[in-house]
Amino acid sequence: MTYRQLAAVVPLLVSGLLPGSALADIRIAIAGPMKGQFAPFGAQMKAGAEQAIADINAAGGVNGEALVLEIADDACNEDRAVAVANQLIGRSVRFVAGHFCFGASVPASEVYAGAGIVQISPATTLPRFTDDRPGKGIYRLAPRDDGQAKIAGRFLAEEMSGKRIAILHDKTAYGKGLTDAVKATMNGLGENEVLALGFDAGQDSYNRLVSRLALEGIEVVYLGGYHPEAALIALEIARQGLDAVLVSGDALMSEDFWLAAGAAGNGTLLTYPEVPRNRPEAADLVKALEEAGASADRYALTTYAAIQTWAQAAETAGSFELGAVAEVLDEGTFETVLGAVSFDARGDADRPAYVWYEWRDGTPKRK
């Protein structure tokens, strides 16, 4: 069954047309998880989109036209994402800020590319989303997964050069994929690890693992995995008195890591995308959202920025047609709540970027 045929068998999933809209208005959409376990992220997207449209319309719209918002619930599901993408075509949508999950963004991008609709995902980090994009007009305002591997690999090779490094992963696709990319970057820069191995997640104790690290005289542990295992390993490192720094990825940006590790988590380093709400350009938006009782978290701001970016490109192009807008997006720089944004040849934005954080007394602090 083709993607377009799927639309005929999946129920209508699009809602949220703002009252008072006219047929001449320019429809844009957000697409993401509006119900279910990922609904909080959809709520962030909705808050950012509604504020962006209110602000843009108050300033005169785009090319003299008011914007109207459509809200599509894809449930982070491939088939539903394809269906709502086709339904958005039927509603004459000119731009989509979405999708959220990569399993929805990738297949939907094929539909949008074929229909001449610009798509900017505020959340999809999977490299394949832009590496294999099906045509012009597909972009992202989210850091690539391999971006944190590059920054971590450089850090280990340059800042930890000469130290005894262990690279560990929890055998998950996330953990192993991350450490493989970190190792490749580090090794490519001339630094080699003493030890590289996988371990089984879900254990009650990592005594034997840390004992092996101690026997090898490990000074730096790079961990590809999630916060439960990282916390237990940090606790065991402290218990055994091993003088080693724990370094990991974005999965450790969780209060649960500190709740489990406590003081043993002090000094743990992790890569995580820059927090948008901390940028000075976002101050007014954060205030407006919070005063309205809406979310001012990451995806509210990246969705707002996606709409800002498209609106500026369409205004500069003097058109809503994909070819004209994509040409501006490919060449231009856009002032957003994330700062100045530009895109590379793949459609990847230079913001937000991965930066370093350090767990210190219960708070991850920017390095």
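Numbering (the numbering used here), first residue to last: 965 to 1331.
Ideal Cβ positions, reconstructed from N, Cα and C, are used throughout, including at glycine.
Note that the structure is a prediction, hence the values are computed from the model and not measured.
Sequence-distant partners of Asn1171 (beyond 5 residues in either direction) whose C-beta falls short of 7 Å from its own C-beta, in its chain, are Glu1200. Exposure of Arg1203 is indicated by the presence of fewer than 16 other C-beta atoms within 10 angstroms of its C-beta. In this chain, the beta strand (DSSP E) harbouring Thr1300 covers 1298-1300. In the structure shown, Gly1139 falls within a helical segment according to DSSP collapsed to helix, strand and coil. The beta carbon of Val1174 sits closer than 7 Å to those of Ile1197, Glu1200, Ile1201, Gln1204, Leu1206, all from its chain and outside the five residues before and after it, given in chain order. For Arg1044, the enclosing alpha helix (DSSP H) stretches over residues 1042-1054. For the pair Gln1272 and Ala1194, the Cα-to-Cα distance works out to about 38 Å. Counting C-beta pairs with one atom in each stretch, the region 1072-1092 and the region 1105-1122 have three or more that are closer than 8 Å, which means they touch. Counting C-beta pairs closer than 8 Å gives three or more between the region 1069-1089 and the region 1042-1053, which meets the contact rule. Between the region 1058-1075 and the region 993-1001 there are three or more C-beta pairs closer than 8 Å, enough to call the two in contact.
Non-local beta-carbon contacts of Glu1029 in its own chain, meaning distances under 6 Å to residues more than five positions away in sequence, involve Ile990 in chain order. Between the C-alpha atoms of Ala1269 and Gly1006 there is a straight-line separation of about 15 Å. In this structure, the beta-carbon distance from Gly1012 to Tyr1263 falls below 8 Å.
By the criterion of at least three beta-carbon pairs nearer than 8 Å, the region 1155-1170 is in contact with the region 1131-1144. From the listed residues Ala1224, Ser1218, Ala1116, Ala1215, the smallest Cα separation to Ser1169 is found for Ala1224.
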